[in-house]
C-alpha cells in the first residue's frame, strides 16, 4: 500500500446518524427499569410492559426496518455500564424472541461483547461467543477490537493475539488503532519484541492503522533494548531520512543512548534537536542529566543546569536526586550535601528519595552518626521514611558493633509500620554475631520467620559460624537441619563454615569426614572449601596433608588463591620452617598470585620471631616497593618480637615507623610496649645513655630511663613515655585514649602526663583547647618536680629552645607563687 493510500485510509469516515428519539426514549425507560431491578423482583414484567407499549405505538405507524426492542437493545447495553445488568437484559431479549438470533441482532452482540471485554468478564464473553458461533454469526470488527484491548490490558497475550488474528481472518481488517496500540504495549511489557514488531509492521505497512503513539511504543521498546540505530531507522521509515518529527522522539532516542552508555551520541542528538528548532523539554534535560550522572560528568551537568536557568526552566526534584545519587556513588557525600543545600535555597523541596541517597552515601563512607542526623532532619520535614531509609543505618551500625543502636532503629522502623526485610535483619544479625550476642541474633532470626521473612543462606552461614565460635556445636547442627528443611541449599560458604567450626572445636576427624563426604557425593565445592580444610591441617601442624590438599585443588582445575598460599606460609612459620615458607612464597609469586599484607606479615613474624630483624625489614621494604603499607598487625608483630628479644631500642624504632605510617596502635601494640619497658627495668643500667641518641626512638627510651631514675612507678613511667611519643607524632587522640586506659587500670595521671599531653595539643596547633579536655589540679610541689621534664622535652623536640608546651607549663607554675594550689580547666 502506497503512503498516499495509507494516509487516505486514516481519514475518518463520517459517524453514523443518531438513533431516532423514540428509540432513545425507549432505551432510557429500559435502563431505568433495569437499574431498579434489585428492588423490583418483577422487573421482567416491567420490561415487557414497556416493550409492549412501544410495539403498540410502532404498529400504529408504518414500520420499516428492525423492531423497537431490537433497535433499543444496543443503546441499553451501552448505557448500563454494568455487565451483570447487560447480561440480564440481553438474556431477556433473547428469551422474549424465543432464542432467535434476530431477537438480539448483531449490534446488540457487539455492544455486549464490548461491555464484557471492558469489564474483563472473560468467561461471560467466551460464553457469548459460543452462542454466536452456534448461531453462525461472527463478531463485528468493533467488538473484536474491544476484546483485543480487554485481553491486552489484562496481560492475556495469547488470547489477545488470537482475537487480533481473528479480526484479520474474519473481517480482513485490523482492530482499531487504540486496540492495536494496547496490544503492542502489552507485548513490549512481556518482552515479546519480535511479535510486537510483526504487529507494528502489519499496522503500518499492511493496514495503515499505525499512529504516532504506535511508533512511539516501538521506538521506546528498541531504545530500552539498546537498539537505538534500529529505533532511528523505524522513525525514518515513517517520516523520511533524517527526519525526527518532534522533541518526544528525540527524548526517546537520547534515553536509549544514555541507557546503553553512549552519552556522546545522546549529546549529539540533544544538539541536533535544538539545531532543527525543537526546544528541549524538562524530559530532554532530565534524560541528559541521568546519562551524565552515570558517567560522573559533573561539570557538564552544571552547564545543563545553567542552560535550563537561561531558558526560564527550573530543575525538578528528580534531577536533583539523580545528581545527589551520583555524588554519593562516587564518594562525594560533601557534594551531595551541597546539592541538598542548593535545593532548599531554590525552594525545591527534597523528598524521601533525596534523603535516602544521602543516608546511603554517609553510611557507605562509615559516617553513621551523621547519617542518622540526616534521617531525623527528613522526619522533621514530615517525609515518610521506609525500609530503604533505615536499612543502611542498621547495616553500618551493626558493622561498627553498635548493635543496640541498630536494634533500636529496627524497632523504630517496625513501629512506623515498615516490616524489616531480609537485608535489614541480615545486617543486624551479622552485627550481633560479631559482638558475640549469638542468642540475640537467633532471636532476630526467629522474629523474621514469624513475619514470613525466610533467612537466606548468607544469614544461616553467619549464625552457624557464630554458634561454632561459641562452641555451641549441637545448636549449629540443628540450625543446619532447619536450613535443609526449609529447602535452602547450603552453598560452599556454608560448608566452609562447617569445616571451620569443627576445626575450631578441635574435631579435625569430623572435618575430614565432611570434606570426604562432599567429594564422594560430588557436591560442588571450590577454593573456599579447600582453603578451610587446608587451614585445619595447618592449625594441627599437619603440613604434608595441607600440601596434598592444595595439590588436589590444582588437579581439579582450580587455582590456589592468596588465602591458600598465605595459610600454608603461616602454617610453616608456626612450625619454624622458614625455608618451606619461603618456597611457598616463591611459588605464589611465580603463579602471579599477588601477596597481600597478611602474607608479608606471616613471613615477618617468622623471621623477627627468630631474631632475624634484618630479613624482616627487607620484607617490609619489599612490601612498600609493591605498594603495600604495613598495617597495625605487621607493626605490632615487629614491636612485640623486638620486646620479647629484649631489644628495646629496636622496638622504639619500629614504633616510630608505625606512627610515621599514620597507623594507630591498638591494645596489642600497647601491651607489647608496656610489658617490654617494665620488664626491662632491671637491665636499664646496661643501656648507654649517650648511645640512645643514635636511635630514632631515643625520646621514648630516654624519658622512660629518666623517670625510672627519678623513682617513678615503672608502669606510670612506661605509660607516660608512650604518651609523649604519640603526642610528638601528632597522635593526640591515641594518647588521650591511652591516658583513659591507664586510669581505668588504676594508674593515675600525674603532672608529667599532663605536660606530655599539653605538648600534644601544641604540636597539633590546638593549644587553646587543652583546658576543656585535660583539666588540671596539681600542687606546687608536683609541678616543681615535673619542671625537669620540660627541659628534657625541649631538648628532644625543639633543639633545646623553649617549646610552647613548656612555656604554658612554666606559666602555670609561676601562678602558684601566690596560691597554695592550682585549679584550672
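In full-length UniProt numbering, the protein residues as written are 1 to 825.
Every residue, glycine too, gets a C-beta built ideally from N, C-alpha and C.
All of these numbers come straight from a predicted model, not from anything done at the bench.
Name the residue from the options whose alpha carbon lies nearest to the alpha carbon of residue i.
| i | options | result |
| --- | --- | --- |
| residue 359 | 373, 300, 187, 633 | 373 |
| residue 244 | 698, 520, 403, 269 | 269 |
| residue 318 | 348, 505, 333, 83 | 348 |
| residue 808 | 630, 495, 795, 757 | 757 |
| residue 653 | 670, 623, 700, 612 | 700 |
| residue 217 | 252, 236, 226 | 252 |
| residue 237 | 257, 258, 210 | 210 |
| residue 131 | 156, 152, 90 | 90 |
| residue 106 | 72, 81, 80 | 72 |
| residue 257 | 241, 282, 242, 290 | 290 |
| residue 704 | 753, 663, 733, 732 | 753 |
| residue 193 | 170, 513, 157 | 157 |
| residue 447 | 719, 422, 182 | 422 |
| residue 855 | 254, 146, 201 | This structure gives no information on residue 855, because the portion of the chain shown stretches from 1 to 825. |
| residue 200 | 215, 519, 657 | 215 |
If you draw a straight line from the alpha carbon of residue i to that of residue j, how long is it in whole angstroms?
| i | j | result |
| --- | --- | --- |
| residue 26 | residue 273 | 57 Å |
| residue 386 | residue 378 | 11 Å |
| residue 673 | residue 594 | 32 Å |
| residue 288 | residue 803 | 59 Å |
| residue 56 | residue 46 | 16 Å |
| residue 428 | residue 412 | 14 Å |
| residue 393 | residue 352 | 15 Å |
| residue 328 | residue 337 | 9 Å |
| residue 789 | residue 742 | 20 Å |
| residue 206 | residue 223 | 24 Å |
| residue 826 | residue 185 | Residue 826 is absent from the model: the chain starts at 1 and stops at 825. |
| residue 464 | residue 541 | 26 Å |
| residue 350 | residue 344 | 7 Å |
| residue 618 | residue 471 | 41 Å |
| residue 188 | residue 239 | 23 Å |
| residue 315 | residue 597 | 48 Å |
| residue 692 | residue 748 | Any answer about residue 692 is weak, because its pLDDT of 41 lies below 50 and its placement is not dependable; what the coordinates show is given next. Rounded to whole angstroms, residue 692 to residue 748 spans 28 Å at the Cα level. |
| residue 115 | residue 82 | 8 Å |
| residue 733 | residue 667 | 14 Å |
| residue 36 | residue 43 | 8 Å |
Over the uninterrupted alpha helix (DSSP H) stretch that includes residue i, give me the two end residues.
| i | result |
| --- | --- |
| residue 210 | Per DSSP, residue 210 belongs to no alpha helix (DSSP H) and is neither H nor E. |
| residue 89 | 83 to 96 |
| residue 185 | 177 to 189 |
| residue 654 | 648 to 660 |
| residue 719 | 714 to 728 |
| residue 74 | 68 to 80 |
Residue i: buried (16+ other C-beta within 10 angstroms of its C-beta) or exposed?
| i | result |
| --- | --- |
| residue 625 | exposed |
| residue 9 | Confidence is the limiting factor: at residue 9 the pLDDT is only 42, short of 50, which leaves the residue's position unreliable, though a coordinate-based value still follows. It is exposed - the Cβ of residue 9 has fewer than 16 other Cβ atoms within 10 Å. |
| residue 406 | buried |
| residue 516 | exposed |
| residue 824 | Because residue 824 sits at a pLDDT of 42, beneath the cut-off of 50, its placement in the model cannot be relied upon, and the following sentence gives the value as read from the coordinates. Burial call: exposed. |
| residue 524 | exposed |
| residue 759 | buried |
| residue 76 | buried |
| residue 728 | buried |
| residue 906 | Since the displayed the chain opens at 1 and closes at 825, residue 906 lies outside it and no answer follows. |
| residue 585 | buried |
| residue 801 | exposed |
| residue 531 | buried |
| residue 721 | buried |
| residue 408 | exposed |
| residue 229 | exposed |
Report yes if the CB atom of residue i is closer than 7 Å to the CB atom of residue j, and no otherwise.
| i | j | result |
| --- | --- | --- |
| residue 110 | residue 154 | no |
| residue 403 | residue 383 | no |
| residue 203 | residue 180 | yes |
| residue 529 | residue 561 | no |
| residue 324 | residue 357 | yes |
| residue 141 | residue 117 | no |
| residue 326 | residue 278 | no |
| residue 538 | residue 501 | no |
| residue 54 | residue 68 | yes |
| residue 300 | residue 306 | no |
| residue 503 | residue 511 | yes |
| residue 361 | residue 388 | no |
Taking only beta-carbon atoms, is residue i less than 7 Å away from chain C?
| i | result |
| --- | --- |
| residue 210 | As a matter of chain content, chain C is missing from the structure shown, which is built from one protein chain. |
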